[in-house]
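Which chain is which? The protein sequence lines are W and G, in order. Here the working numbering is used: the first residue of the first sequence is 3, the next is one more, and so on. Here the working numbering is used: the first residue of the second sequence is 3, the next is one more, and so on.
Protein chains: 2
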Amino acid sequence: MATKPEDRRTVRTKKLLRQALLELIEEKGIDRITVRDLTDRAEINRGTFYLHYQDVPDLLDKIKEEVFAGLQAIISRMYIIRLMAETNEDKPYEVIVELFEYLGEHADFFRVLLSPKGDISLALRIKDMMARQMMAKLEIWQPREELMLVSREWLIAYTTSSNIGIIQHWFASGQALSPYEIALVMTRLVKNGPARSINVEHLSPPEK
Amino acid sequence: MATKPEDRRTVRTKKLLRQALLELIEEKGIDRITVRDLTDRAEINRGTFYLHYQDVPDLLDKIKEEVFAGLQAIISRMYIIRLMAETNEDKPYEVIVELFEYLGEHADFFRVLLSPKGDISLALRIKDMMARQMMAKLEIWQPREELMLVSREWLIAYTTSSNIGIIQHWFASGQALSPYEIALVMTRLVKNGPARSINVEHLSPPEK
DNA sequence: CCATTATTCAACACTTTGTCGATTAAAATG
DNA sequence: CATTTTAATCGACAAAGTGTTGAATAATGG
């Protein structure tokens, strides 16, 4: 991946456009952003935009690619099944801590793009990464699908989307918890499931 | 809500626009659809569009409102906590069956809008409906938050997004399961959680 | 049948788009 | 430092989309 170092000017232009895009998405949503909006905000010539990108979605795609590589690296080390089956102490699974640390480092990007005004396809791509990883591991660890309560397909759909949901809510909360704390929350939920997490034995049903 | 019955012509126009919009979203995604695209596809005059809607997002909003009412009615009868805490037999929670029946009745709409090319805000709105409902019930059923493994906030983020994930995957699979079957899958996952669903006791770890 | 109203049609000014050639400014190179 | 290379700017362009208008036409409801 060691490509030629880019001209300082193009680096500056791309950086300004990235920043302008994130700001504008937050302000008016991913649609409704024109090339002129971007270049006005970034204070560059409109023609310059077309020297680097085809259109607004293309710019977004290029920016996404930057973070995908790092994300893929972490997710590929994530053994959700190991988390489910092995870890017994009340400690967060380390790779999940790393995941949230990485997300936090690129918070300006993820906070905007995983928000309601962001880009649905980003969340889907992350989900897809997790799903592939999980399917590969699951086929080895539990080859007898008939022993499972639900088939792999549905378990994966369930788990990946709940994980994304926790990530999205973490940013929506303004990253209220530390990577360690939120990883612990996720670990507990995955290991115990939602039902046991409410502590059924101590419920106070209104009338019963 | 018993408003004046609409002129046949406006009913026809709105129906054609709805159909055209869903087709075009599927073909080219929610962005990139122009008013001209819509009116060409619907075979109506471009000016007619503006007699009913302000712009493309406005049309989408109006169409969404149609199904929200019905959805809200079902979700308000959904006691996810009851599902978690009470039901012990291996039967799907009835309200979830109803939910999937309703989704199936409006499959043309949900299939497109919950897909990758669809509208992120629809899924978020449904999640929000579920979250409000769940928070209200949870505060009554488990007033002592400190007894829970994770706080209400995170439990709700986890549960609602996993539910949306199952719904999205159901449409992505071409509604491969019946409402009863998919409701059973969801019931099992919510009650047992992902970890127990893989049947940990019978795992075959590669080397261990 | 008639009054009402939705739709059509052509036209309007305006914005955005994508591209282009010529010019200017900055960076890389030796 | 001087020279070459390349990025950015500028103005202009046709094409397409936007949102609105007023007059003509057609369908509807009573």
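Where is the CB? At the ideal position from N, CA and C, for every residue including glycine.
Just curious, the alpha helix (DSSP H) that residue i is in, first and last residue?
| i | result |
| --- | --- |
| asparagine 165 of chain G | 154-174 |
| glycine 72 of chain G | 58-77 |
| threonine 50 of chain W | 48-54 |
| threonine 41 of chain G | 37-44 |
Within 10 Å of its beta-carbon, does residue i have 16 or more other beta-carbons around it, so buried, or fewer, so exposed?
| i | result |
| --- | --- |
| methionine 86 of chain W | buried |
| valine 13 of chain G | exposed |
| alanine 4 of chain G | Only weak support exists for where alanine 4 of chain G lies, its pLDDT of 45 falling under 50; the value from the coordinates is given anyway. With fewer than 16 Cβ atoms within 10 Å of its Cβ, alanine 4 of chain G is classed as exposed. |
| asparagine 165 of chain W | buried |
| phenylalanine 70 of chain W | exposed |
| glutamine 144 of chain W | buried |
| glutamine 21 of chain G | exposed |
| lysine 93 of chain W | exposed |
| asparagine 194 of chain G | buried |
| glutamine 56 of chain W | exposed |
| arginine 213 of chain W | Outside the displayed range of chain W (3 to 210) lies residue 213 of chain W, so it cannot be described from this structure. |
| isoleucine 142 of chain W | exposed |
| leucine 149 of chain W | exposed |
| tyrosine 160 of chain G | buried |
| leucine 53 of chain W | exposed |
Quick check on DSSP: helix, strand or coil for residue i?
| i | result |
| --- | --- |
| isoleucine 283 of chain G | Residue 283 of chain G lies beyond the range of chain G shown here (3 to 210); nothing can be said about it. |
| threonine 12 of chain W | helix |
| proline 118 of chain W | coil |
| glutamine 177 of chain W | coil |
| tyrosine 81 of chain W | coil |
| threonine 106 of chain W | A small fix is needed here, since residue 106 of chain W is glycine in this sequence, not threonine. Three-state DSSP puts glycine 106 of chain W in a helix. |
| glutamate 91 of chain W | coil |
| leucine 19 of chain W | helix |
| arginine 113 of chain W | helix |
| aspartate 33 of chain G | coil |
| glutamine 135 of chain W | helix |
| methionine 188 of chain G | helix |
| arginine 146 of chain W | coil |
| leucine 151 of chain G | coil |
What does a CB cutoff of less than 8 Å around residue i pick up in its chain, not counting 5 residues either side in sequence?
| i | result |
| --- | --- |
| aspartate 110 of chain W | Leu24 |
| methionine 137 of chain W | Arg154 and Ile158 |
| lysine 210 of chain W | Residue confidence is low: lysine 210 of chain W scores 38 on pLDDT, short of 50, so the model does not pin down where it sits. No coordinate-derived value is stated. |
| leucine 191 of chain G | Ser164, Ile168 and Ser199 |
| leucine 186 of chain W | Asp92, Lys93 and Pro94 |
| arginine 48 of chain G | Val37, Arg38 and Thr41 |
| leucine 106 of chain W | Per the sequence presented here, residue 106 of chain W reads as glycine, with leucine not at that position. Gln177 and Pro181, listed in sequence order. |
| glutamate 45 of chain G | Leu18 |
Mind pulling the chain G residues with CB within less than 7 Å of residue i?
| i | result |
| --- | --- |
| tyrosine 160 of chain W | Ser164, Gly167, Ile168, Leu191 and Pro196 |
| isoleucine 77 of chain W | Those do not exist, as isoleucine 77 of chain W stays about 17 Å from chain G at its closest Cβ, beyond 7 Å. |
| isoleucine 46 of chain W | What isoleucine 46 of chain W touches in chain G: nothing, since even the nearest Cβ is about 23 Å away. |
List, in chain order, every chain G residue whose beta-carbon is nearer than 8 Å to that of residue i.
| i | result |
| --- | --- |
| proline 118 of chain W | Ile122, Ser123 and Leu126 |
| isoleucine 27 of chain W | Chain G residues near isoleucine 27 of chain W: none, gap ~12 Å exceeds 8 Å. |
Could you work out which residues of chain W lie near residue i, taking near to mean beta carbons separated by less than 7 Å?
| i | result |
| --- | --- |
| methionine 150 of chain G | Ser199, Ile200 and Asn201 |
| valine 187 of chain G | Val152 and Trp156 |
| isoleucine 33 of chain G | Strictly speaking, residue 33 of chain G in this sequence is aspartate, with isoleucine absent from that position. Within 7 Å Cβ-Cβ: Asp33. |
| histidine 54 of chain G | Under the 7 Å cutoff, chain W gives no residues; its nearest Cβ is about 20 Å from histidine 54 of chain G. |
| isoleucine 65 of chain G | Neighbours of isoleucine 65 of chain G on chain W: none; closest Cβ ~16 Å, over 7 Å. |
Leaving out five residues before and five after residue i in sequence, what residues of the same chain have Cβ atoms less than 6 Å from its Cβ?
| i | result |
| --- | --- |
| threonine 162 of chain G | Lys129, Met132 and Ala133 |
| glutamate 103 of chain G | Pro181 |
| methionine 188 of chain W | Ile98 and Ile168 |
| leucine 101 of chain G | Ile76 |
| arginine 32 of chain G | It should be pointed out that residue 32 of chain G corresponds to isoleucine in this sequence rather than to arginine. Closer than 6 Å at the Cβ level, and outside the excluded window around isoleucine 32 of chain G, lie Asp121. |
| leucine 151 of chain W | none |
| glutamate 68 of chain G | none |
| arginine 43 of chain W | Ala22 |
What does residue i reach in chain W if we use C-beta pairs closer than 8 Å?
| i | result |
| --- | --- |
| leucine 157 of chain G | Leu191, Pro196, Ser199 and Ile200 |
| methionine 86 of chain G | Pro196, Ala197, Ile200 and Val202 |
Can you name the residues of chain G whose CB is closer than 9 Å to the CB of residue i?
| i | result |
| --- | --- |
| valine 99 of chain W | The premise fails here: valine 99 of chain W is roughly 16 Å from chain G at the closest Cβ pair, so nothing lies under 9 Å. |
| histidine 108 of chain W | Those do not exist, as histidine 108 of chain W stays about 19 Å from chain G at its closest Cβ, beyond 9 Å. |
Check the Cβ of residue i against every Cβ in chain W and list those closer than 9 Å, keeping chain order.
| i | result |
| --- | --- |
| aspartate 60 of chain G | Residues of chain W passing the Cβ test: none, with the nearest at roughly 13 Å. |
Would you check whether the ligand FAD has a heavy atom nearer than 7 Å to the C-beta of residue i?
| i | result |
| --- | --- |
| tyrosine 52 of chain W | As presented, the structure is devoid of all ligands, the ligand FAD included, so that no description of it is given. |
What residues in its chain sit with their C-beta under 7 Å from that of residue i, if we drop five residues either side in the sequence?
| i | result |
| --- | --- |
| lysine 66 of chain G | Leu124 |
| arginine 79 of chain G | Val97 |
| lysine 139 of chain G | Tyr81 and Ile83 |
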